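Chemist:
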Amino acid sequence: MLTRLTPLFFAGLASAAAVAHRSVDVVSGQTSTGASTVQFTAASSGFDGPKVTNLNSTTFDLWYFDVLAYDLSASVTLSFYTADPGALFPQAADVGSADYAEVFVTTPDGDLWVAVVPADSLTIVTSGDGSSGALAGGNATWAGSSDMSQYTVTINAPDQGITGSLTITTVAPAHFPCAAASSMAGQSYELAPGLGWANAIPDANGSVDFMLDGTPLSFQGSGYHDKNWGSKPWDTLLNSWYWGHARLGTYSLVWFDFIDPDGVEGSSIYLSENNVIVASSCAGNLAVRPVDGDATFPPTTQTGLPNEFSITADIPGQGTLELQTSQSGILVEVPGLSTRWAGQISGTLGSQSLTGIALYEQFTFVS
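In C-alpha coordinates:
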(Lines of atoms letter the chains of each structure in order from A and count residues from 1; the text may use other names and numbers.)
(Lines give C-alpha, C1' and ligand atoms only; values in the text may rest on other atoms or scores of the structure.)
Protein backbone atom coordinates (compact mmCIF):
# COMPACT_ATOMS: atom_id res chain seq x y z
CA MET A 1 0.00 0.00 0.00
CA LEU A 2 1.04 3.64 -0.40
CA THR A 3 1.28 6.38 2.21
CA ARG A 4 1.58 10.00 1.07
CA LEU A 5 3.56 12.56 3.06
CA THR A 6 4.57 16.16 2.33
CA PRO A 7 7.70 16.88 4.44
CA LEU A 8 9.79 20.03 4.19
CA PHE A 9 12.89 17.98 3.55
CA PHE A 10 13.71 14.42 2.55
CA ALA A 11 17.43 13.70 2.65
CA GLY A 12 19.38 11.74 0.10
CA LEU A 13 16.96 11.63 -2.85
CA ALA A 14 15.89 14.50 -5.11
CA SER A 15 17.17 18.05 -5.00
CA ALA A 16 14.97 20.65 -6.65
CA ALA A 17 14.25 24.35 -6.85
CA ALA A 18 12.23 25.73 -3.96
CA VAL A 19 9.35 26.55 -6.28
CA ALA A 20 8.89 22.91 -7.36
CA HIS A 21 6.04 21.04 -5.71
CA ARG A 22 7.36 18.09 -3.69
CA SER A 23 5.73 15.04 -2.16
CA VAL A 24 7.00 11.79 -0.69
CA ASP A 25 5.27 8.44 -1.23
CA VAL A 26 6.17 5.28 0.67
CA VAL A 27 4.98 2.09 -1.04
CA SER A 28 4.91 -0.95 1.22
CA GLY A 29 6.15 -4.28 -0.09
CA GLN A 30 2.95 -5.83 1.27
CA THR A 31 -0.01 -4.90 -0.91
CA SER A 32 -3.32 -3.66 0.46
CA THR A 33 -6.54 -5.66 0.57
CA GLY A 34 -8.52 -2.51 -0.21
CA ALA A 35 -9.29 -0.72 -3.45
CA SER A 36 -6.59 1.19 -5.32
CA THR A 37 -6.94 4.67 -6.77
CA VAL A 38 -5.27 4.90 -10.18
CA GLN A 39 -4.48 8.22 -11.89
CA PHE A 40 -4.96 8.51 -15.64
CA THR A 41 -5.47 12.29 -15.97
CA ALA A 42 -2.52 14.64 -15.52
CA ALA A 43 -2.34 17.31 -12.86
CA SER A 44 -0.23 20.45 -13.23
CA SER A 45 2.93 18.59 -12.11
CA GLY A 46 4.12 15.15 -11.05
CA PHE A 47 4.52 13.69 -14.54
CA ASP A 48 6.99 10.98 -13.42
CA GLY A 49 5.56 10.42 -9.94
CA PRO A 50 3.56 7.45 -8.59
CA LYS A 51 0.16 6.92 -10.17
CA VAL A 52 -1.33 4.20 -7.93
CA THR A 53 -2.50 4.94 -4.39
CA ASN A 54 -3.15 2.03 -2.02
CA LEU A 55 -1.45 -0.57 -4.24
CA ASN A 56 -3.28 -3.89 -4.12
CA SER A 57 -2.71 -7.33 -5.63
CA THR A 58 -4.21 -6.41 -9.01
CA THR A 59 -2.65 -2.97 -9.67
CA PHE A 60 0.92 -2.10 -10.62
CA ASP A 61 3.26 0.88 -11.01
CA LEU A 62 6.81 0.78 -12.39
CA TRP A 63 9.74 2.92 -13.57
CA TYR A 64 11.96 1.71 -16.44
CA PHE A 65 15.43 2.84 -17.61
CA ASP A 66 17.82 1.65 -20.32
CA VAL A 67 21.06 2.53 -22.09
CA LEU A 68 22.11 0.88 -25.36
CA ALA A 69 25.73 1.27 -26.47
CA TYR A 70 26.14 3.28 -29.66
CA ASP A 71 27.98 0.33 -31.23
CA LEU A 72 25.33 -2.14 -29.91
CA SER A 73 28.01 -4.05 -27.97
CA ALA A 74 26.42 -3.68 -24.52
CA SER A 75 23.20 -2.66 -22.79
CA VAL A 76 21.62 -2.12 -19.38
CA THR A 77 17.89 -2.25 -18.66
CA LEU A 78 16.70 -1.56 -15.12
CA SER A 79 13.15 -1.51 -13.75
CA PHE A 80 11.71 -0.59 -10.36
CA TYR A 81 8.46 -2.46 -9.67
CA THR A 82 5.65 -1.97 -7.21
CA ALA A 83 3.52 -5.01 -8.03
CA ASP A 84 2.53 -8.45 -6.83
CA PRO A 85 3.28 -11.17 -9.42
CA GLY A 86 -0.42 -11.58 -10.22
CA ALA A 87 -0.68 -7.92 -11.20
CA LEU A 88 1.87 -8.40 -13.98
CA PHE A 89 1.66 -11.69 -15.92
CA PRO A 90 1.63 -15.43 -15.18
CA GLN A 91 5.40 -15.88 -15.60
CA ALA A 92 6.29 -13.06 -13.18
CA ALA A 93 8.52 -14.25 -10.35
CA ASP A 94 7.49 -13.96 -6.71
CA VAL A 95 10.44 -12.27 -5.00
CA GLY A 96 8.75 -12.00 -1.60
CA SER A 97 7.83 -8.32 -1.90
CA ALA A 98 5.85 -6.08 -4.23
CA ASP A 99 8.80 -3.66 -4.24
CA TYR A 100 11.93 -4.65 -6.14
CA ALA A 101 14.43 -3.67 -8.80
CA GLU A 102 15.37 -5.90 -11.72
CA VAL A 103 18.45 -5.32 -13.87
CA PHE A 104 19.66 -6.98 -17.08
CA VAL A 105 23.16 -6.31 -18.42
CA THR A 106 24.56 -7.55 -21.72
CA THR A 107 28.30 -7.35 -22.33
CA PRO A 108 30.55 -7.14 -25.41
CA ASP A 109 31.49 -10.80 -25.00
CA GLY A 110 27.85 -11.86 -25.19
CA ASP A 111 27.20 -12.56 -21.50
CA LEU A 112 23.88 -11.76 -19.81
CA TRP A 113 23.93 -10.67 -16.17
CA VAL A 114 20.73 -10.51 -14.13
CA ALA A 115 20.05 -9.23 -10.61
CA VAL A 116 16.83 -8.85 -8.60
CA VAL A 117 16.83 -6.63 -5.50
CA PRO A 118 13.71 -6.88 -3.31
CA ALA A 119 12.98 -4.57 -0.37
CA ASP A 120 10.35 -3.99 2.30
CA SER A 121 9.38 -0.63 0.82
CA LEU A 122 10.06 1.87 -1.95
CA THR A 123 10.19 5.59 -1.17
CA ILE A 124 9.53 7.98 -4.06
CA VAL A 125 10.11 11.73 -3.97
CA THR A 126 8.23 13.67 -6.65
CA SER A 127 9.71 17.12 -7.26
CA GLY A 128 8.16 19.22 -10.00
CA ASP A 129 7.64 16.73 -12.82
CA GLY A 130 10.62 14.53 -11.97
CA SER A 131 10.95 11.71 -9.46
CA SER A 132 13.57 9.97 -7.35
CA GLY A 133 13.25 6.65 -5.58
CA ALA A 134 15.05 4.38 -3.15
CA LEU A 135 14.38 0.83 -2.10
CA ALA A 136 14.64 0.31 1.66
CA GLY A 137 18.29 -0.44 2.41
CA GLY A 138 19.48 1.78 -0.44
CA ASN A 139 20.66 -1.03 -2.72
CA ALA A 140 18.76 0.33 -5.73
CA THR A 141 17.92 3.99 -6.33
CA TRP A 142 17.11 6.51 -9.01
CA ALA A 143 17.52 10.29 -8.77
CA GLY A 144 15.82 12.58 -11.26
CA SER A 145 15.85 16.34 -11.71
CA SER A 146 12.61 18.27 -11.25
CA ASP A 147 12.51 19.13 -14.98
CA MET A 148 13.21 15.48 -15.98
CA SER A 149 16.35 16.51 -17.84
CA GLN A 150 18.65 14.02 -16.09
CA TYR A 151 18.39 10.77 -14.11
CA THR A 152 21.02 8.68 -12.33
CA VAL A 153 20.25 5.07 -11.41
CA THR A 154 22.37 2.98 -9.03
CA ILE A 155 22.39 -0.72 -8.25
CA ASN A 156 24.32 -2.42 -5.44
CA ALA A 157 23.92 -6.19 -5.65
CA PRO A 158 27.44 -7.56 -5.01
CA ASP A 159 26.02 -10.92 -3.93
CA GLN A 160 24.64 -11.23 -7.49
CA GLY A 161 27.78 -9.82 -9.11
CA ILE A 162 26.39 -6.44 -10.19
CA THR A 163 27.15 -2.95 -8.87
CA GLY A 164 27.28 0.41 -10.58
CA SER A 165 25.34 3.33 -11.99
CA LEU A 166 24.02 4.84 -15.18
CA THR A 167 23.24 8.45 -16.00
CA ILE A 168 20.98 9.67 -18.79
CA THR A 169 20.65 13.27 -19.98
CA THR A 170 17.69 14.00 -22.20
CA VAL A 171 17.90 15.05 -25.85
CA ALA A 172 14.14 14.76 -26.52
CA PRO A 173 11.13 16.35 -24.77
CA ALA A 174 8.79 14.26 -22.62
CA HIS A 175 5.39 13.21 -23.89
CA PHE A 176 2.04 11.65 -23.04
CA PRO A 177 0.82 8.71 -25.14
CA CYS A 178 -0.95 11.06 -27.54
CA ALA A 179 0.49 14.54 -26.91
CA ALA A 180 3.54 16.50 -25.84
CA ALA A 181 4.08 17.02 -22.11
CA SER A 182 4.40 20.78 -22.53
CA SER A 183 0.74 21.22 -21.55
CA MET A 184 0.18 19.07 -18.47
CA ALA A 185 -3.14 19.55 -16.71
CA GLY A 186 -6.01 17.48 -18.09
CA GLN A 187 -3.98 15.38 -20.53
CA SER A 188 -4.65 11.63 -20.59
CA TYR A 189 -1.98 9.14 -19.53
CA GLU A 190 -3.93 6.18 -20.97
CA LEU A 191 -2.15 4.29 -23.72
CA ALA A 192 -5.00 1.77 -23.67
CA PRO A 193 -7.99 1.49 -21.31
CA GLY A 194 -6.60 0.86 -17.83
CA LEU A 195 -2.93 1.13 -18.91
CA GLY A 196 -0.95 4.28 -18.16
CA TRP A 197 2.26 5.44 -19.83
CA ALA A 198 4.43 8.51 -19.22
CA ASN A 199 7.61 8.88 -21.27
CA ALA A 200 9.82 11.29 -19.31
CA ILE A 201 12.96 10.74 -21.44
CA PRO A 202 12.25 9.45 -24.98
CA ASP A 203 15.96 9.64 -25.85
CA ALA A 204 19.10 10.59 -23.97
CA ASN A 205 22.85 10.61 -23.96
CA GLY A 206 23.69 7.80 -21.57
CA SER A 207 26.76 6.81 -19.58
CA VAL A 208 27.18 3.43 -17.83
CA ASP A 209 29.78 2.47 -15.20
CA PHE A 210 29.22 -1.03 -13.80
CA MET A 211 31.28 -3.73 -12.13
CA LEU A 212 30.42 -7.34 -12.99
CA ASP A 213 32.10 -9.66 -10.49
CA GLY A 214 34.98 -7.22 -10.33
CA THR A 215 35.26 -6.67 -14.09
CA PRO A 216 34.46 -3.10 -15.20
CA LEU A 217 31.87 -2.39 -17.89
CA SER A 218 31.75 1.23 -19.05
CA PHE A 219 30.16 2.59 -22.21
CA GLN A 220 28.28 5.50 -23.75
CA GLY A 221 24.99 5.08 -25.55
CA SER A 222 21.42 6.08 -26.23
CA GLY A 223 19.31 6.19 -23.06
CA TYR A 224 15.61 6.09 -22.26
CA HIS A 225 13.21 6.34 -19.30
CA ASP A 226 9.47 5.83 -18.97
CA LYS A 227 6.90 4.44 -16.57
CA ASN A 228 3.85 2.20 -16.88
CA TRP A 229 1.01 1.48 -14.49
CA GLY A 230 -2.33 -0.26 -14.56
CA SER A 231 -5.71 -0.58 -12.88
CA LYS A 232 -5.85 -4.33 -13.58
CA PRO A 233 -3.30 -7.10 -14.15
CA TRP A 234 -1.10 -6.26 -17.13
CA ASP A 235 -1.92 -9.42 -19.08
CA THR A 236 -5.65 -8.55 -19.01
CA LEU A 237 -5.14 -5.06 -20.47
CA LEU A 238 -3.53 -6.08 -23.79
CA ASN A 239 -3.20 -9.14 -25.99
CA SER A 240 0.19 -8.08 -27.36
CA TRP A 241 2.43 -5.11 -28.01
CA TYR A 242 5.40 -3.95 -30.01
CA TRP A 243 7.40 -1.19 -28.35
CA GLY A 244 10.74 0.41 -29.09
CA HIS A 245 12.88 3.51 -29.20
CA ALA A 246 15.55 4.61 -31.65
CA ARG A 247 18.19 7.25 -32.31
CA LEU A 248 18.36 8.14 -36.01
CA GLY A 249 20.89 10.91 -36.47
CA THR A 250 19.21 14.07 -35.16
CA TYR A 251 15.86 12.27 -34.77
CA SER A 252 14.52 10.42 -31.71
CA LEU A 253 11.72 7.88 -32.20
CA VAL A 254 9.43 5.96 -29.82
CA TRP A 255 6.66 3.60 -30.91
CA PHE A 256 3.89 1.46 -29.44
CA ASP A 257 1.70 -0.80 -31.57
CA PHE A 258 -0.65 -3.01 -29.55
CA ILE A 259 -3.70 -5.25 -29.74
CA ASP A 260 -6.32 -4.76 -27.03
CA PRO A 261 -8.41 -7.58 -25.47
CA ASP A 262 -11.12 -7.05 -28.13
CA GLY A 263 -8.59 -7.59 -30.93
CA VAL A 264 -8.50 -3.91 -31.89
CA GLU A 265 -5.15 -2.40 -32.87
CA GLY A 266 -3.99 0.81 -31.20
CA SER A 267 -0.78 2.79 -31.49
CA SER A 268 1.32 5.72 -30.34
CA ILE A 269 4.06 7.40 -32.39
CA TYR A 270 6.58 9.96 -31.14
CA LEU A 271 9.24 11.69 -33.21
CA SER A 272 11.47 14.61 -32.28
CA GLU A 273 14.39 16.33 -33.99
CA ASN A 274 17.07 18.32 -32.19
CA ASN A 275 15.02 18.34 -28.97
CA VAL A 276 11.86 19.61 -30.71
CA ILE A 277 8.79 17.38 -31.04
CA VAL A 278 7.80 16.68 -34.64
CA ALA A 279 4.94 14.26 -33.89
CA SER A 280 3.25 12.83 -30.80
CA SER A 281 0.01 11.11 -31.70
CA CYS A 282 -2.36 8.17 -31.27
CA ALA A 283 -4.10 8.94 -34.56
CA GLY A 284 -3.71 5.39 -35.89
CA ASN A 285 -1.11 6.35 -38.49
CA LEU A 286 1.50 3.84 -37.25
CA ALA A 287 1.95 0.21 -38.29
CA VAL A 288 4.65 -2.06 -36.85
CA ARG A 289 4.82 -5.48 -38.48
CA PRO A 290 7.02 -8.57 -38.17
CA VAL A 291 9.19 -9.44 -41.17
CA ASP A 292 10.17 -13.01 -42.09
CA GLY A 293 11.02 -15.65 -39.50
CA ASP A 294 8.23 -17.68 -37.88
CA ALA A 295 6.21 -14.68 -36.75
CA THR A 296 2.55 -13.86 -37.30
CA PHE A 297 0.53 -10.69 -36.88
CA PRO A 298 -0.90 -10.29 -34.37
CA PRO A 299 1.71 -12.24 -32.39
CA THR A 300 0.62 -14.87 -29.88
CA THR A 301 2.34 -16.96 -27.22
CA GLN A 302 2.46 -19.84 -29.71
CA THR A 303 3.98 -18.10 -32.73
CA GLY A 304 7.66 -17.65 -33.46
CA LEU A 305 9.86 -14.61 -33.65
CA PRO A 306 10.45 -12.32 -36.64
CA ASN A 307 13.81 -11.73 -38.21
CA GLU A 308 13.11 -8.01 -38.42
CA PHE A 309 10.35 -5.41 -37.98
CA SER A 310 9.00 -2.82 -40.38
CA ILE A 311 7.75 0.51 -39.02
CA THR A 312 5.56 2.79 -41.12
CA ALA A 313 3.93 6.06 -40.07
CA ASP A 314 2.59 9.24 -41.61
CA ILE A 315 4.33 12.25 -40.04
CA PRO A 316 2.37 15.48 -40.65
CA GLY A 317 4.44 18.01 -42.56
CA GLN A 318 7.32 15.54 -42.99
CA GLY A 319 5.98 12.74 -45.18
CA THR A 320 5.97 8.99 -44.68
CA LEU A 321 8.33 7.36 -42.21
CA GLU A 322 9.42 3.92 -43.45
CA LEU A 323 11.95 2.02 -41.36
CA GLN A 324 13.20 -1.52 -40.92
CA THR A 325 15.18 -3.01 -38.07
CA SER A 326 18.14 -5.31 -38.49
CA GLN A 327 18.55 -7.35 -35.34
CA SER A 328 22.05 -7.63 -33.89
CA GLY A 329 20.95 -9.88 -31.06
CA ILE A 330 18.40 -10.80 -28.42
CA LEU A 331 19.00 -8.98 -25.13
CA VAL A 332 16.40 -10.82 -23.02
CA GLU A 333 13.91 -13.56 -23.86
CA VAL A 334 11.12 -15.19 -21.87
CA PRO A 335 9.75 -17.82 -24.30
CA GLY A 336 6.06 -17.38 -25.00
CA LEU A 337 5.95 -13.97 -23.32
CA SER A 338 8.54 -11.39 -24.30
CA THR A 339 11.64 -10.80 -26.37
CA ARG A 340 13.82 -7.68 -26.34
CA TRP A 341 16.27 -6.95 -29.14
CA ALA A 342 18.95 -4.44 -30.07
CA GLY A 343 19.77 -3.63 -33.65
CA GLN A 344 20.38 -1.23 -36.46
CA ILE A 345 17.43 0.66 -37.91
CA SER A 346 17.30 2.37 -41.29
CA GLY A 347 14.92 3.82 -43.84
CA THR A 348 13.47 7.12 -44.96
CA LEU A 349 11.40 10.06 -43.77
CA GLY A 350 10.01 11.66 -46.89
CA SER A 351 13.10 12.13 -49.05
CA GLN A 352 15.57 11.88 -46.14
CA SER A 353 17.62 8.75 -45.53
CA LEU A 354 17.90 7.73 -41.88
CA THR A 355 20.11 5.24 -40.04
CA GLY A 356 20.62 4.56 -36.37
CA ILE A 357 20.25 2.16 -33.46
CA ALA A 358 17.19 0.83 -31.67
CA LEU A 359 16.10 -1.17 -28.64
CA TYR A 360 12.70 -2.83 -29.03
CA GLU A 361 10.50 -5.64 -27.78
CA GLN A 362 7.53 -7.90 -28.39
CA PHE A 363 5.12 -8.91 -25.61
CA THR A 364 2.42 -11.57 -26.07
CA PHE A 365 -0.23 -12.48 -23.52
CA VAL A 366 -2.71 -14.69 -25.43
CA SER A 367 -2.34 -17.97 -27.31
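As numbered in mature numbering (1 follows the signal peptide of the UniProt record, and there is no 0), residues -16 to -1, 1 to 351 make up the sequence shown, in order.
Backbone N, C-alpha and C define an ideal beta-carbon position, used for all residues, glycine too.
Computed from a predicted structure; not experimentally measured.
(1) Start and end of the beta strand (DSSP E) containing L72?
(2) Whole beta strand (DSSP E) runs in the region 23 to 60 with 3 or more residues, listed along the chain?
(3) Just list the residues that DSSP pairs D244 with in beta bridges.
(4) In terms of residue numbering, what span does the alpha helix (DSSP H) encompassing L221 cover?
(5) State the Cα-Cα distance for the pair L343 and F240, rounded to the nearest angstrom.
(6) Please name the residue, chosen from W225, G250, P290, V238, that lies closest to G207 on a Cα-to-Cα basis.
(7) By how many angstroms is the C-alpha of P300 removed from the C-alpha of E306?
(8) When you compare each of G112, T296, D244, H209 to P274 by their alpha carbons, which one comes out closest?
(9) Would you mind working out which of S310, L315, I185, P200 sits nearest G331, comparing C-alpha positions?
(10) For E249, I'd like the list of residues in its chain whose CB is within less than 6 Å of its CB, leaving aside the five on either flank, ordered along the chain.
(11) Is the CB-CB distance between V101 and A82 below 8 Å?
(12) Can you tell me whether N38 is buried or exposed? The criterion is at least 16 other CB atoms within 10 Å of its CB, across all chains shown.
(13) Ignore the nearest five residues each way along the sequence and tell me which others in Q302's own chain have a CB closer than 7 Å to its CB.
(14) Under the three-state reduction of DSSP, which class applies to D197: helix, strand or coil?
(15) Given this structure, state the Cα-to-Cα distance separating I139 from G122, to the nearest angstrom.
(16) May I have the straight-line CA-CA distance separating P34 from V51, to the nearest angstrom?
(17) I'd like the span of the beta strand (DSSP E) that includes H229, first residue to last.
(18) Run through the DSSP bridge pairs and tell me what H5 is partnered with.
(19) DSSP state of P186, grouped into three classes?
(20) Suppose contacts are defined by Cβ-Cβ distances below 8 Å. Is L321 in contact with F73 by that definition?
(21) Touch check for the region 189 to 200 and the region 139 to 151: three-plus C-beta pairs under 8 Å?
(22) What would DSSP say about T323, mapped onto helix, strand or coil?
(23) Bridge partners of L119, per DSSP?
(24) I need the boundaries of the beta strand (DSSP E) containing D274, first residue and last residue.
(25) Quick one: measure Cβ to Cβ for V186 and A156, integer angstroms, because I've assumed they're closer than 8 Å.
(26) Looking only at its chain, what residues have a beta carbon closer than 8 Å to the beta carbon of L222, apart from the 5 residues adjacent to it on each side?
(27) Where L315 and T323 are concerned, what is the direct C-alpha to C-alpha distance, given to the nearest angstrom?
(28) So the candidates are T91, S111, F64; which of them puts its Cα closest to the Cα of L46?
(29) Rounded to whole angstroms, what's the CA-CA distance from L119 to I108? Just pull it up for me.
(30) Candidates G117, Q308, E317, A271: which alpha carbon is nearest L289's?
(31) Only counting runs of 4 or more residues, tell me where the alpha helix (DSSP H) segments fall wholly within the region 124 to 180, in order along the chain.
(32) Please tell me whether G13 and S105 are closer than 8 Å, where the distance is taken between their beta carbons.
Modeler: Taking the geometry as given:
(1) Element bounds for L72: n/a, residue is neither H nor E.
(2) 44 to 53
(3) DSSP, once it has assigned bridges, lists no residue as partnering D244.
(4) 218 to 221
(5) 13 Å
(6) V238
(7) 14 Å
(8) T296
(9) S310
(10) I243
(11) no
(12) buried
(13) V262, L333, G334
(14) coil
(15) 9 Å
(16) 23 Å
(17) 224 to 232
(18) The partner list for H5 (beta bridge, DSSP) is empty, contrary to what the question assumes.
(19) strand
(20) yes
(21) yes
(22) strand
(23) L106
(24) According to the sequence provided, residue 274 is Pro. The question's Asp does not apply to it. From DSSP, the beta strand (DSSP E) with P274 extends over 270 to 275.
(25) Contrary to the premise, residue 186 reads as Pro rather than Val in this sequence. Their Cβ separation, rounded to whole angstroms, is 4 Å, which keeps P186 and A156 in contact under 8 Å.
(26) A176, L179, F242, I243, D244, P245, F347, F349
(27) 8 Å
(28) F64
(29) 9 Å
(30) E317
(31) none
(32) yes
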